[in-house]
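Whatever position you read off the sequence shown (first residue = 1), add 6 for the working numbering.
The beta carbon of each residue, even a glycine, is placed where N, CA and C say it ideally should be.
Every value quoted in this text rests on a predicted model; they were computed, and no experiment measured them.
Here is the structure we will look at, set down as structure tokens.
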Amino acid sequence: MVTKSPFRIYYIYRLMEKETLHKLVGKLLAGNLNDAERADLQSYVLEASNREQFVTVLDELTESETGTLPFDEKYWQPIIREITKPTEIHPISRKRGVISLWKVAAALIVIIVTAAFIFSNMNKEAAEGLRLAQDKAPEQIAPGTNGAILTLADGTVVPLDSAGNEVITKQGGAKIRQQNGQLIYVATGEVNGAVQYNKMATPKGRQYQLLLPDGSHVWLNAASSIRYPTVFNGKERMVEISGEAYVKVAPNADQPFRVKLKNGAAVDVLGTAFNIKAYDDQPGIAATLVEGAIAFNVNNDRKILKPGQQALWNDNLSVVNADLDRVLAWKNGFFNFDGMDMQEAMQQIERWYDIDVKYESGIPGIRFGGKMPRNLNLDELLRILKRAELKYRMEGRTLIVMK
């Protein structure tokens, strides 16, 4: 007998009938989309596989409507930079040639600036009414950003942010500097006395990058930490990680790289790229291999991973095939909720927006699907999830999830 799943799966990005899309793009160009329609269109366009149909419809409509598109340079440049990233959006070929860049830029930018565009065309009375409504609205909660706390070997605490570009100190045979949103260690060759350890920690709502003295690169997610020596001068390169981190290890067969995790678990590395997820407030550990080879060790059990595999430990150790797009979404600036249950999705939101999440009467049996950028304000994110039947209310910085 087949047991019916208690979970309902909602896909944030769903197929849209061309007639419906035609209607929404027409309303977009006319400047009269309501909030729900704009959220639908935003979420639709954010899915790469939908863009060809979107631009096709835009192409049909803008033959006579191009005059309504905003051409202010300050709006165009960020979008042009974004859509020309080769890892994000690829050129779309059609029988009559390649779609021109300006139409894709217009398609994306007009969605983003719709609210400002409509506001600028309102009469003074309507604009004043909107201003008063905004004054009464709850405070906007911004997404996370770059930032961390560095604790030196002597206990000195140094706040880090994305703006700093400076040498912080020299310690334990390394010069430590902050540059372009990452912390960099450069070995000076002056090693005296015992090995000194530093710790970098990201609070909720922050992420940061670290370049270790051997050249290994670490991306640290929100509410995470890494402890490491200022120089690697022993038989192995040992670090300790809590929370979530992506590590790209500099190859050195003579000095293996080892990551200590909670509950006595560890990952042994020769030269590779992998993601670790081991939050203290979450059961289990996940180690995902992107390239190279790692061995996951816990409780005298050892598993060797191949690229694309994930070791999962929660009292028992298993190896499964990984969805790398989902695992690495945080590092690439996205939430990827494909197949994710409510609790796990809310944990990600809680960490990134530095909020608390509470459940009014149990955790709803909903699984989400889809991908969204992590640079949305919390209100924008929740409005999209609301279309997937998320019921909630905000009380200050606490998100109350309802059934």
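Item	Value
Is the segment 217-224 in contact with the segment 249-263, if contact means three or more CB pairs nearer than 8 Å?	yes
Can you list, in chain order, the stretches of the beta strand (DSSP E) that have 3 or more residues and sit fully within the segment 179-250?	180-185, 188-193, 203-208, 212-217, 223-226 and 230-235
Counting C-beta neighbours from all protein chains within 10 Å, is the total for R429 16 or more, i.e. buried, or is it exposed?	The structure shown does not extend to residue 429, since the chain spans only 7 to 409, so no value can be given for it.
Which one of L189, D347 and I310 has the shortest CA to CA distance from L217?	L189
Out of curiosity, what's the CA-to-CA distance linking N458 and E25?	Here the chain has residues from 7 to 409 only, and residue 458 is not among them.
Could you tell me if S2 is buried or exposed, where buried requires 16 or more neighbouring beta carbons within 10 angstroms of its beta carbon?	Nothing can be reported for residue 2: it is not among the residues displayed for the chain, which extend from 7 to 409.
In this structure, what does DSSP give as the bridge partners for P379?	F340
With distance defined between alpha-carbon atoms, name the residue in L27, W358, Y365 and N381 nearest to A228.	W358
For T208 and N306, I'd like the C-alpha separation in whole angstroms.	31 Å
Which residue wins for smallest C-alpha separation from D46, given the options E401, Y398, L388 and V407?	L388
Tell me the DSSP secondary structure of D286 in three-state form.	coil
Would you mind giving the Cβ-Cβ distance between L466 and A293, rounded to the nearest angstrom? I have them listed as a contact below 8 Å.	Outside the modelled stretch of the chain, which goes from 7 to 409, sits residue 466, for which no answer is possible.
Output yes or no for whether 7 Å exceeds the beta carbon distance between I300 and F280.	yes
Determine the DSSP secondary structure at T151, reduced to helix, strand or coil.	strand
For D347, which residues does DSSP report across the bridge?	R373
The alpha helix (DSSP H) that contains D331, what's its start and end?	L330 to V333
Do V245 and G179 count as a contact pair if the criterion is CB distance below 7 Å?	no
Looking at Q316 and V304, is the spacing between their C-beta atoms short of 7 Å?	no
Here's the rule: buried if 16 or more other CB atoms are within 10 angstroms of the residue's CB, otherwise exposed. What is G402?	exposed
Considering only C-alpha positions, which residue in the set K241, G240 and I232 is nearest to K268?	I232
Can you give the Cα-Cα distance for K283 and T175, rounded to whole angstroms?	30 Å
So V407 and V363 are in contact, right, with Cβ under 8 Å, and what is the actual spacing, rounded?	6 Å
Count the other CB atoms, across all protein chains shown, that sit within 10 Å of the CB of I369; report buried if there are 16 or more and exposed otherwise.	exposed
Among V192, Q288, K205 and A272, which has the Cα closest to the Cα of P165?	K205
Please work out which residues of its chain come closer than 8 Å, Cβ to Cβ, to G195, disregarding the five sequence neighbours upstream and downstream, and give them in chain order.	G179
When you compare the CB positions of I291 and W319, do they come within less than 7 Å of one another, or not?	yes
Might you give, ordered along the chain, the residues of its own chain that have their beta carbon closer than 7 Å to the beta carbon of F341, omitting 5 neighbours on each side?	A335, Q354, K377, M378 and R380
Within 10 angstroms of the Cβ of E172, are there 16 or more other Cβ atoms? Answer buried if so, exposed if not.	exposed
If you follow the alpha helix (DSSP H) that D1 is part of, which residue opens it and which one closes it?	One cannot answer for residue 1 here, as it falls past the ends of the chain, which runs 7 to 409.
Using the Cβ count rule (16 or more neighbours within 10 Å means buried), how would you classify A42?	exposed
Would DSSP call L405 helix, strand or coil?	strand
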